[in-house]
Amino acid sequence: MTTQPFALRLQEADNILVALRAIPEGAVLPGKLITREPVPAGHKLAARDIAAGENILKYGQIIGTASVDIAAGAHVHSHNLGMGAHKQDYGFGVAAQELSPVENAATFQGYRRPSGRVGTRNYLGILTSVNCAGSVARFIAEAATRDNLLAQFPNVDGIVPIVHGTGCGMSGKGEGYETLFRTLAGYGHNPNFGAILMIGLGCEVMQIPDLIDRKALRDSARFRYMTIQQQGGTRATVEKGLAILRELAGEADRARREEVPARHLVLGMQCGGSDGYSGITANPALGAASDLLVRHGGTSILSETSEIYGAEHLLTRRAKDEKTGAKLVSLLDWWEDYTARNFGEMDNNPSPGNKRGGLTTILEKSLGAVAKGGTAPLAGVYKYGEPIDAPGFVFMDSPGYDPCSVTGQTASGANLIAFTTGRGSVSGYQPVPSIKIASNPDLWSRMQGDMDVNAGEILAGTTIEDKGQEIFDLMLRVASGEKTKSEAQGFGAVEFVPWQIGAVM
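Position 309 of the sequence shown, counting from 1, maps to 309 under the UniProt record's numbering, and the rest follow consecutively.
Have a look at this one:
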């Protein structure tokens with residue numbers, strides 16, 4: 001029987017260790033290192049004496065600077081570690097290496113759509129152009145439930161009212177409007193919807209006819225729309241909406257799952273409630289799964305721009321060309337200006353839960369977050385909600401706020417989400433199934449009803465590659481219809497959160 005070590009040095013150059021379990025004061029570690037104070041699980045301790053002003057290294061990368069002298073064996077965290085100045089060598093494309101495609105591509109059972117894309121679910125959507133239409137959209141969904149409408153349409157997975165807090169009180173031009181426009185258009189085209197009814201109030205800034213006129217959406221047997229004012233109020237709209245929903249359900253019900261290549265998977269990758277283990281277990285395991293998907297011809301999307309800050313050089317060096325790498329850097333420049341204008345700074349990102357889990361600076365958090373992206377070349381950089389039009393590993397701009405980021409990925413075409421967590425997460429994202437990956441065994445044992453994968457097994461000896469294969473295999477099963485834990489519990493109806501940029505007027 002082997003005993004799990006107290007702590008782990010991730011790279012030879014590191015001057016800190018990561019505690020694999022809670023370490024008491026006075027514990028003797030390999031190399032005769034003695035802990036000077038208790039160190040919580042997932043936190044850092046000094047591997048040697050570190051002078052004030054010296055860089056702290058984790059993953060072989062700088063995560064900050066010692067703010068005071070730190071003795072060997074001492075706990076390293078917010079009290080003695082700060083951001084410091086940092087400058088990155090972007091080296092555009094110098095580390096880009098194509099991954100070899102697999103000889104025999106995997107398949108899953110998906111829904112082929114007329115657009116050529118493939119759905120992993122077959123939902124009816126009730127999309128809203130403005131918050132003022134939100135209650136009516138829910139009334140229509142509730143009426144359909146009372147009438148047991150879907151009993152006649154067994155191939156439809158459910159009805160999803162897409163309700164949000166904006167659509168008016170905004171300028172009809174500019175970045176905020178265009179971001180919401182892309183988001184609504186993207187949901188209208190997401191292949192996990194078999195058909196969509198769109199509801200507006202009628203007088204809002206985000207006019208449905210604008211979406212139609214700009215060819216973002218079009219009236220068809222699978223997409224219908226109306227406004228409450230035009231229909232004559234709430235009751236008339238609910239009655240008409242229920243009748244239209246029945247027609248749309250008939251269209252959606254014609255869809256059947258069929259065997260399709262894994263290249264039709266578009267995976268949105270997220271991390272939320274990260275801890276000190278996330279960058280060691282769950283994130284690199286998801287990165288291994290991402291590489292497998294790319295080798296099978298599929299697409300994986302990394303996002304949460306504010307959470308790659310300080311680690312962006314690891315992506316620019318893998319960019320397919322200088323233009324792609326420079327596009328990513330320009331996003332970070334925008335974010336630095338954006339946060340400064342709103343009296344914030346990028347290092348404010350780690351949450352209290354992140355810090356309790358052992359993460360100290362945004363540099364440290366970002367290095368772990370980027371591990372979700374595996375090793376594939378960076379094939380493209382996209383705006384929030386912009387359609388992903390190329391396979392491979394890509395980046396989509398978004399905040400680090402999980403529901404807002406997933407909303408953008410879904411609008412960009414994601415038909416599957418993989419979500420790593422160290423502290424715990426219970427969210428879901430209809431119409432897209434979300435696979436939850438626990439970074440540590442304690443989380444797995446406490447919240448097994450919410451977690452789909454235990455990446456904490458890596459701490460006990462399971463390889464990252466084996467765990468990545470496990471995640472990839474689960475992705476194929478979920479894409480074929482197996483329910484995730486969040487789906488089984490009914491999550492996903494309230495997590496549509498478009499990124500609201502600009503003035504609310």
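Each residue gets a CB set at the ideal place from its N, CA and C atoms; glycine is no exception.
C-beta atoms of I228 and V266 nearer than 8 Å = By one-based count along the sequence shown, residue 228 stands at place 228. By one-based count along the sequence shown, residue 266 stands at place 266. Cβ distance not < 8 Å, so I228 and V266 don't count as in contact.
Euclidean distance between Cα positions of V94 and H189 | For this step, residue 94 is matched to residue 94 along the sequence shown. For this step, residue 189 is matched to residue 189 along the sequence shown. Spanning the two alpha carbons is a distance of roughly 36 Å.
Could you tell me whether the Cβ atoms of L211 and A195 are closer together than 8 Å?
-> Locating residue 211 in the sequence shown gives position 211, counting from the first residue. Locating residue 195 in the sequence shown gives position 195, counting from the first residue. The beta carbons of L211 and A195 sit no closer together than 8 Å.
By Cβ distance, which residues of its chain are closer than 6 Å to A216, with the 5 residues on each side in sequence left out?
-> Looking up residue 216 in the sequence shown gives position 216. Taken in chain order, the residues that qualify are A185.
Contact the segment 120 to 134 vs the segment 439 to 446: 3+ CB pairs below 8 Å | The segment 120 to 134 is not in contact with the segment 439 to 446.
Element boundaries [beta strand (DSSP E), containing E142] = Within the sequence shown, the letter at position 142 stands for residue 142. Segment 134 to 146 is the alpha helix (DSSP H) holding E142; no beta strand (DSSP E) there.
I435, enclosing alpha helix (DSSP H) - first and last residue = Here residue 435 is taken as the residue at index 435 of the sequence shown, counted from 1. Looking at the DSSP string, I435 is not in any alpha helix (DSSP H); the run it does join, the beta strand (DSSP E), is 434 to 438.
DSSP bridge partner residues for S220 (one or two, in chain order) = Indexing the sequence shown from 1 puts residue 220 at position 220. Per DSSP, the beta-bridge partners of S220 are F223.
Cut-off 8 Å between Cβ atoms - residues of its own chain near Q230, not counting five sequence neighbours on either side | For the purposes of this step, residue 230 is taken as the residue at position 230 of the sequence shown. Within the same chain, Q230 has close Cβ partners G202.
With distances taken between CB atoms, is the gap from N440 to G456 smaller than 8 Å?
-> Within the sequence shown, the letter at position 440 stands for residue 440. Within the sequence shown, the letter at position 456 stands for residue 456. Closer than 8 Å, so yes.
Grouping DSSP H, G and I as helix and E and B as strand, with all else coil, what is Q448?
-> Here the question's residue 448 lines up with position 448 in the sequence shown. Q448 carries a coil assignment under DSSP once its states are collapsed to helix, strand and coil.
Tell me, please, which residues DSSP counts as bridged to H75.
-> Reading the sequence shown from its first residue, position 75 is the one you call residue 75. DSSP, once it has assigned bridges, lists L45 as partnering H75.
Could you tell me which of G241, A249, V76, Q469 sits nearest to A282, measuring between CA atoms?
-> Numbered from 1 along the sequence shown, position 282 holds the residue referred to as residue 282. Measuring from the Cα of A282, the nearest candidate turns out to be Q469.
Cβ-based burial, H79 [other Cβ within 10 Å; buried from 16] | For the purposes of this step, residue 79 is taken as the residue at position 79 of the sequence shown. When all chains shown are included, H79 counts as exposed.
Taking 8 Å as the cut-off, decide whether the C-beta atoms of F393 and G373 are in contact.
-> Locating residue 393 in the sequence shown gives position 393, where the first residue counts as 1. Locating residue 373 in the sequence shown gives position 373, where the first residue counts as 1. For the 8 Å CB-CB criterion, F393 and G373 form a contact.
Inter-residue Cα distance where the pair is F395 and A96 = One-based indexing of the sequence shown puts residue 395 at position 395. One-based indexing of the sequence shown puts residue 96 at position 96. Note on geometry: alpha-carbon atoms of F395 and A96 lie some 15 Å from one another.
K87 - containing beta strand (DSSP E), residue span | Translated into positions along the sequence shown, residue 87 becomes position 87. First-last for K87: undefined, no H or E at that position.
Coil, strand or helix - T2 by DSSP | Reading the sequence shown from its first residue, position 2 is the one you call residue 2. At T2 the pLDDT is 44, less than 50, meaning the model places this residue with poor confidence and gives no usable figure here.
Which same chain residues, not among the five before or five after L242, have their C-beta less than 8 Å away from its C-beta?
-> Here residue 242 is taken as the residue at index 242 of the sequence shown, counted from 1. For L242, where only same-chain residues beyond five positions count, the Cβ hits under 8 Å are I140, A143, A144, D147, L149.
When burial is assigned at 16 or more other CB atoms within 10 Å of the CB, is W334 buried or exposed?
-> Working through the sequence shown from its first residue, we reach residue 334 at position 334. Label assigned to W334: exposed.
Beta carbon of D69 nearer than 8 Å to that of A85 | If you number the sequence shown from 1, residue 69 lands on position 69. If you number the sequence shown from 1, residue 85 lands on position 85. Result no, Cβ atoms of D69 and A85 do not sit closer than 8 Å.
Backbone CA spacing between G288 and I437 [nearest angstrom] = Along the sequence shown, one-based indexing puts residue 288 at 288. Along the sequence shown, one-based indexing puts residue 437 at 437. For the record, residue 288 in the displayed sequence is Ala; it is not Gly. Rounded to whole angstroms, the separation of the alpha carbons of I437 and A288 is 13 Å.
Would you report the Cα separation of S405 and E495, rounded to the nearest angstrom?
-> The sequence position of residue 405 within the sequence shown is 405, counting from 1. The sequence position of residue 495 within the sequence shown is 495, counting from 1. Looking at the two C-alpha atoms, the distance is approximately 10 Å.
From this set, R218, G165, T179, D253, which residue's C-alpha is nearest D157's C-alpha?
-> The residue you call residue 157 lines up with position 157 of the sequence shown. Comparing Cα-Cα distances from D157 to each of R218, G165, T179, D253, the minimum goes to D253.
At which residues does the beta strand (DSSP E) containing P261 begin and terminate?
-> Translated into positions along the sequence shown, residue 261 becomes position 261. Counting along the chain, P261 sits inside the beta strand (DSSP E) bounded by residues 258 to 261.
Roughly how many angstroms lie between the CA atoms of V136 and T462, to the nearest whole one?
-> As a working note, residue 136 is residue 136 in the sequence shown. As a working note, residue 462 is residue 462 in the sequence shown. Just so you know, the alpha carbons of V136 and T462 end up roughly 50 Å apart.
Taking DSSP as the reference, what is the three-state secondary structure of Q409?
-> As a first step, residue 409 is located in the sequence shown; it is residue number 409 there, counting from the start. Helix.
Backbone CA spacing between K383 and G176 [nearest angstrom] | Locating residue 383 in the sequence shown gives position 383, where the first residue counts as 1. Locating residue 176 in the sequence shown gives position 176, where the first residue counts as 1. Distance between the alpha carbons of K383 and G176 is about 12 Å.
Are there 16 or more other CB atoms within 10 angstroms of the CB of G505, so buried, or fewer, so exposed?
-> Here residue 505 corresponds to residue number 505 of the sequence shown, with the count starting at 1. The sequence shown places Met at residue 505, rather than the Gly named in the question. Exposed is the label assigned to M505, since fewer than 16 other Cβ atoms lie within 10 Å of its Cβ.
In chain order, which alpha helix (DSSP H) runs of at least 4 residues are fully inside the segment 227 to 257?
-> Taking 4 residues as the minimum length, the alpha helix (DSSP H) runs contained wholly in the segment 227 to 257 are 228 to 231, 234 to 252, in order along the chain.
Return the Cβ separation of T305 and L331 in integer angstroms, given the expectation that the two are a contact with Cβ distance under 8 Å.
-> The count along the sequence shown starts at 1 and reaches residue 305 at position 305. The count along the sequence shown starts at 1 and reaches residue 331 at position 331. Between T305 and L331, the beta carbon gap of about 5 Å places them in contact (Cβ cut-off 8 Å).
Inter-residue Cα distance where the pair is Q489 and P403 | For the purposes of this step, residue 489 is identified with residue 489 of the sequence shown, where counting begins at 1. For the purposes of this step, residue 403 is identified with residue 403 of the sequence shown, where counting begins at 1. One Cα belongs to Q489, the other to P403, and the distance between them is close to 17 Å.
Under 8 Å, do L20 and K44 count as touching if we go by C-beta distance?
-> As a first step, residue 20 must be located in the sequence shown, where it is residue number 20. As a first step, residue 44 must be located in the sequence shown, where it is residue number 44. Cβ distance not < 8 Å, so L20 and K44 don't count as in contact.
In terms of DSSP beta bridges, what is C168 paired with?
-> In the sequence shown, counting from the first residue as 1, residue 168 sits at position 168. Looking at the DSSP assignment, C168 forms no beta bridge with any residue, so it has no partner.
List in chain order: all unbroken beta strand (DSSP E) runs of 3+ residues lying wholly within the segment 6 to 40.
-> The segment 6 to 40 contains these whole beta strand (DSSP E) runs: 16 to 19.
Reference T339; option with closest CA among T35, I501, L124, M83 = Looking up residue 339 in the sequence shown gives position 339. Nearest Cα to T339 within the set T35, I501, L124, M83: I501.
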